[in-house]
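Worksheet for the structure shown next.
2 protein chains.
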Amino acid sequence: MRDNVINLQVVLGNGDVIKTGSRARKSAAGYDLTRLTIGSEGTLGIITEVTLRLQKLPQHSVVAMCHFKTIKDAADVAIATMLSGIQVSRMELLDEVQVRAINIANEKHLPETPTLMFEFIGTEAYAREQVLLIQKIVSEHNGSNFVFVEDPDAKEELWKIRKGALWACLAMAPNYEAMITDVCVPLSRLAECISKSKELLDASPMLCAVISHAGDGNFHTIILFDPNNEDHQCEAERLNHLMVKIALSMEGTCTGEHGVGTGKMKYLEEELGMGALRTMKRIKSVLDPNNIMNPGKLIPPHVCL
Amino acid sequence: MRDNVINLQVVLGNGDVIKTGSRARKSAAGYDLTRLTIGSEGTLGIITEVTLRLQKLPQHSVVAMCHFKTIKDAADVAIATMLSGIQVSRMELLDEVQVRAINIANEKHLPETPTLMFEFIGTEAYAREQVLLIQKIVSEHNGSNFVFVEDPDAKEELWKIRKGALWACLAMAPNYEAMITDVCVPLSRLAECISKSKELLDASPMLCAVISHAGDGNFHTIILFDPNNEDHQCEAERLNHLMVKIALSMEGTCTGEHGVGTGKMKYLEEELGMGALRTMKRIKSVLDPNNIMNPGKLIPPHVCL
Numbered sequence: 000m001r002d003n004v005i006n007l008q009v010v011l012g013n014g015d016v017i018k019t020g021s022r023a024r025k026s027a028a029g030y031d032l033t034r035l036t037i038g039s040e041g042t043l044g045i046i047t048e049v050t051l052r053l054q055k056l057p058q059h060s061v062v063a064m065c066h067f068k069t070i071k072d073a074a075d076v077a078i079a080t081m082l083s084g085i086q087v088s089r090m091e092l093l094d095e096v097q098v099r100a101i102n103i104a105n106e107k108h109l110p111e112t113p114t115l116m117f118e119f120i121g122t123e124a125y126a127r128e129q130v131l132l133i134q135k136i137v138s139e140h141n142g143s144n145f146v147f148v149e150d151p152d153a154k155e156e157l158w159k160i161r162k163g164a165l166w167a168c169l170a171m172a173p174n175y176e177a178m179i180t181d182v183c184v185p186l187s188r189l190a191e192c193i194s195k196s197k198e199l200l201d202a203s204p205m206l207c208a209v210i211s212h213a214g215d216g217n218f219h220t221i222i223l224f225d226p227n228n229e230d231h232q233c234e235a236e237r238l239n240h241l242m243v244k245i246a247l248s249m250e251g252t253c254t255g256e257h258g259v260g261t262g263k264m265k266y267l268e269e270e271l272g273m274g275a276l277r278t279m280k281r282i283k284s285v286l287d288p289n290n291i292m293n294p295g296k297l298i299p300p301h302v303c304l
Numbered sequence: 000m001r002d003n004v005i006n007l008q009v010v011l012g013n014g015d016v017i018k019t020g021s022r023a024r025k026s027a028a029g030y031d032l033t034r035l036t037i038g039s040e041g042t043l044g045i046i047t048e049v050t051l052r053l054q055k056l057p058q059h060s061v062v063a064m065c066h067f068k069t070i071k072d073a074a075d076v077a078i079a080t081m082l083s084g085i086q087v088s089r090m091e092l093l094d095e096v097q098v099r100a101i102n103i104a105n106e107k108h109l110p111e112t113p114t115l116m117f118e119f120i121g122t123e124a125y126a127r128e129q130v131l132l133i134q135k136i137v138s139e140h141n142g143s144n145f146v147f148v149e150d151p152d153a154k155e156e157l158w159k160i161r162k163g164a165l166w167a168c169l170a171m172a173p174n175y176e177a178m179i180t181d182v183c184v185p186l187s188r189l190a191e192c193i194s195k196s197k198e199l200l201d202a203s204p205m206l207c208a209v210i211s212h213a214g215d216g217n218f219h220t221i222i223l224f225d226p227n228n229e230d231h232q233c234e235a236e237r238l239n240h241l242m243v244k245i246a247l248s249m250e251g252t253c254t255g256e257h258g259v260g261t262g263k264m265k266y267l268e269e270e271l272g273m274g275a276l277r278t279m280k281r282i283k284s285v286l287d288p289n290n291i292m293n294p295g296k297l298i299p300p301h302v303c304l
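Protein sequences, first through last, are from chains A and B. Mapped onto numbering that gives the first Met the number 0, the consecutive letters of the first sequence carry residue numbers 0 to 304. Mapped onto numbering that gives the first Met the number 0, the consecutive letters of the second sequence carry residue numbers 0 to 304.
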């Protein structure tokens, strides 16, 4: 998403209303205030206007799905796909717990094993060509039940599976809440990271599902817990903590998409070092000297100027 | 290029050596110091390490070229190409002066009219399919002499034309220097901007050539001038000034790629407004309080904290 943002209008703590850039899609005119603001979680200012780059709807698209014996196989296919240069517009990995949740919620009968879903776009011939290339990679990694659809209704039906993933999980345990965590690692480490994380999750008594934007090396874990059970909360925190630690040990980030807030503050020093955090704190201090923009978020309290 | 930068190591004015991010290709962990640093022209710190994202070499590529009666036709094709969703990996526009320079320098006999060059990448079938789609758009805009090549040597030979453009210009006037300016406008305004700029250039006695990264709405003008002739320098400055003004009037930027330095400082207020400049100055002041990092560049001197 952030790559499609051309410029922003931002209200700063001192009341200044700034425009972060022109409408050109490329600029070298000064500091990149657009990207500085995106992901700053309201700590530098409030975004009041966003100029987005529009994308042409693709002429044709194909949606495909296949299943694997292990999550490592599925992640290996994601890595091989990206390394091969095949253009996938979406590549989503669901673990067997997630697929089970989807089966229950939607009365489906999908094989309850790690699953990859793909979307290919372009011309009709090209999208089909990419499907054939993927099919070969999938078969080299013990993938099975490869299906692909081109009919609009069938495509929508297949994507519904992914789109409803979180709700399907929540439906499995109606009085539970979900702690959703997300980490991201260099693509080359995805299979290792996701396998290690799964070992950890499988050894826990908690109900946990994994969904990954696999082409980015990014994955989310949904940990279902009883909000009235302190042991549950503690165990969910422990799992989250260990998954972040695994990702950081692989030169990854404690959050690929969800942001820092207060929950992930404690990992920033290990990920970025104190120098980077001091730099962030300095920027915050000069742009919001009265600390009125979402105070207490993102920058750990122990960082000094 | 900046989209392929994953993280940086930067030495700040206070001696801090910071890492701007992890090796993950996506992160929401704090302010985007990577993008803040890129394009800051050394005014915030010195980049000492860059981690880049590698791209797979395409399986196949096709290079194509065609010619137009007017520069507006050529720019219109660039716009239509981007709007159509055709994937071009390169799309370069050369005006008739640039083509003449290339003919002289390389003993070529290309038609001395506005020219577009394309590169298409992907699978063999896909790259060819895109060529056919482009060919149709080109013929709808009075394009002629459409050629495309797939042989590696022929492709290299064709791209040499573009790569040697600046040297070809300089060779036309051996004792002259080149003032190279660059602006960028929203793609929808490219044809209008480039046509207006060409009118201005054509009415000047100076020798000027235009080269455009047309898919981005970005173009460069090479103005050849005698460094010992004050009138020449003055006229080159006047042309540069007016081209920037045209781009700004179309919600563009005074520089798409080359940066601000000192030459384009005076346009930043019109482009971004005083609020954005004050914000930049504040960031500069807090990250480099002794003003030792490339002082006097990028932020206009009249901007107050």
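The beta-carbon is built from N, C-alpha and C at its ideal position, and this holds for glycine as well. No experiment lies behind these values; they were computed from the predicted model shown.
Short Cβ contact (8 Å threshold) for residue i with residue j
| i | j | result |
| --- | --- | --- |
| Ala366(A) | Ile193(A) | With chain A covering 0 to 304 only, the question about residue 366(A) has no answer from this structure. |
| Ala27(A) | Gly29(B) | no |
| Leu51(A) | Asn3(A) | yes |
| Asp94(B) | Leu35(A) | no |
| Ala170(A) | Ala104(A) | yes |
| Pro185(B) | Glu236(B) | no |
| Leu223(A) | Cys168(A) | yes |
| Ile136(A) | Val76(A) | yes |
| Val61(B) | Phe145(B) | no |
| Ala48(A) | Leu7(A) | According to the sequence displayed, residue 48(A) carries Glu and not Ala. Result yes, Cβ atoms of Glu48(A) and Leu7(A) sit closer than 8 Å. |
| Ala63(A) | Val130(A) | yes |
| Asp15(B) | Gly121(A) | no |
| Pro276(A) | Arg281(B) | Checking the displayed sequence, the identity of residue 276(A) turns out to be Leu instead of Pro. No, the Cβ-Cβ distance between Leu276(A) and Arg281(B) is not below 8 Å. |
| Ser88(A) | Phe67(A) | no |
| Val96(A) | Thr112(A) | no |
First and last residue of the uninterrupted alpha helix (DSSP H) at residue i
| i | result |
| --- | --- |
| Lys296(A) | Note, Lys296(A): premise wrong, no alpha helix (DSSP H); not H, not E. |
| Thr33(B) | 32-36 |
| Asn320(A) | No answer is possible for residue 320(A): it lies beyond the span of chain A, which begins at 0 and ends at 304. |
| Leu267(B) | 264-271 |
| Val76(A) | 70-83 |
| Gln161(A) | As written in the sequence, residue 161(A) is Arg, which differs from the Gln given in the question. First-last of the alpha helix (DSSP H) with Arg161(A): 151-162. |
Strand pairing of residue i, partner residues [DSSP]
| i | result |
| --- | --- |
| Lys18(A) | Gln8(A) |
| Glu48(B) | Gln8(B) |
| Asn217(A) | Cys183(A), His212(A) |
| Pro253(B) | Per the sequence shown, the amino acid found at residue 253(B) is Cys instead of Pro. Beta-bridge pairing links Cys253(B) to no other residue. |
| Ile222(B) | Met178(B), Cys207(B) |
Proximal chain B residues relative to residue i, where beta-carbon distance stays under 8 Å
| i | result |
| --- | --- |
| Ile37(A) | Asp31 |
| Arg89(A) | Near Arg89(A) there are no residues of chain B at all, since even the closest Cβ is about 14 Å away, more than 8 Å. |
| His59(A) | Here the premise fails: no neighbours, minimum Cβ distance about 11 Å. |
| Arg24(A) | Cys183, Pro185, Leu186, Asp215, Gly216 |
Unbroken beta strand (DSSP E) run spanning residue i, endpoints
| i | result |
| --- | --- |
| Asp201(A) | Per DSSP, Asp201(A) belongs to no beta strand (DSSP E); it is in the alpha helix (DSSP H), 189-201. |
| Glu91(B) | 89-93 |
| Gly121(A) | 114-121 |
| Val61(A) | 59-66 |
| Glu148(A) | Glu is not the amino acid found at residue 148(A); the sequence shown has Val there. First-last of the beta strand (DSSP E) with Val148(A): 143-148. |
Listed by chain order, chain A residues near residue i by CB distance under 9 Å
| i | result |
| --- | --- |
| Ser284(B) | Val285 |
Partners in chain B for residue i, counting only beta-carbon separations shorter than 9 Å
| i | result |
| --- | --- |
| Ser211(A) | By Cβ distance, chain B contributes nothing, its closest Cβ being about 12 Å from Ser211(A), past 9 Å. |
CA nearest to the CA of residue i, picked from the options
| i | options | result |
| --- | --- | --- |
| Gly260(B) | Glu40(B), Ser211(B), Thr19(B) | Glu40(B) |
| His212(B) | Asp230(B), Val61(B), Ala190(B), Ala23(B) | Ala190(B) |
| Gly163(B) | Glu91(B), Lys280(B), Gln129(B), Asp15(B) | Glu91(B) |
| Thr220(B) | Asn239(B), Met273(B), Asn228(B) | Asn239(B) |
| Thr80(A) | Lys159(A), Gln134(A), Ala275(A) | Gln134(A) |
| Asn217(A) | Gly20(B), Leu11(B), Arg24(B) | Arg24(B) |
| Met279(A) | Gly14(A), Leu7(A), Thr42(A), Val9(A) | Thr42(A) |
| Glu268(A) | Asp287(A), Thr69(A), Cys303(A), Glu118(A) | Cys303(A) |
| Thr69(B) | Trp158(B), Asp201(B), His108(B) | Asp201(B) |
| Leu53(A) | Arg22(A), His66(A), Gly44(A) | Arg22(A) |
| Cys183(B) | Glu176(B), Met205(B), Val209(B) | Val209(B) |
| Val243(B) | Ile37(B), Arg89(B), Ile179(B) | Ile179(B) |
| Arg161(A) | Ser143(A), Leu109(A), Ser203(A) | Leu109(A) |
| Met264(A) | Asn227(A), Ile298(A), Leu247(A) | Ile298(A) |
| Asp225(B) | Ile245(B), Asp215(B), Gly84(B), Pro204(B) | Pro204(B) |
Contacts of residue i in chain B (Cβ-Cβ under 7 Å)
| i | result |
| --- | --- |
| Ser196(A) | By Cβ distance, chain B contributes nothing, its closest Cβ being about 15 Å from Ser196(A), past 7 Å. |
| Thr261(A) | Neighbours of Thr261(A) on chain B: none; closest Cβ ~13 Å, over 7 Å. |
Proximity test, residue i beta-carbon vs the ligand COA heavy atom, cut-off 7 Å
| i | result |
| --- | --- |
| Phe218(B) | Ligands in the displayed structure: none, and consequently the ligand COA is not present. |
Under 7 Å by beta carbon: chain A residues contacting residue i
| i | result |
| --- | --- |
| Thr19(B) | Ala275 |
Chain-ordered chain A contacts of residue i [CB-CB under 8 Å]
| i | result |
| --- | --- |
| Cys253(B) | Ala28 |
| Leu267(B) | Ala28, Gly29 |
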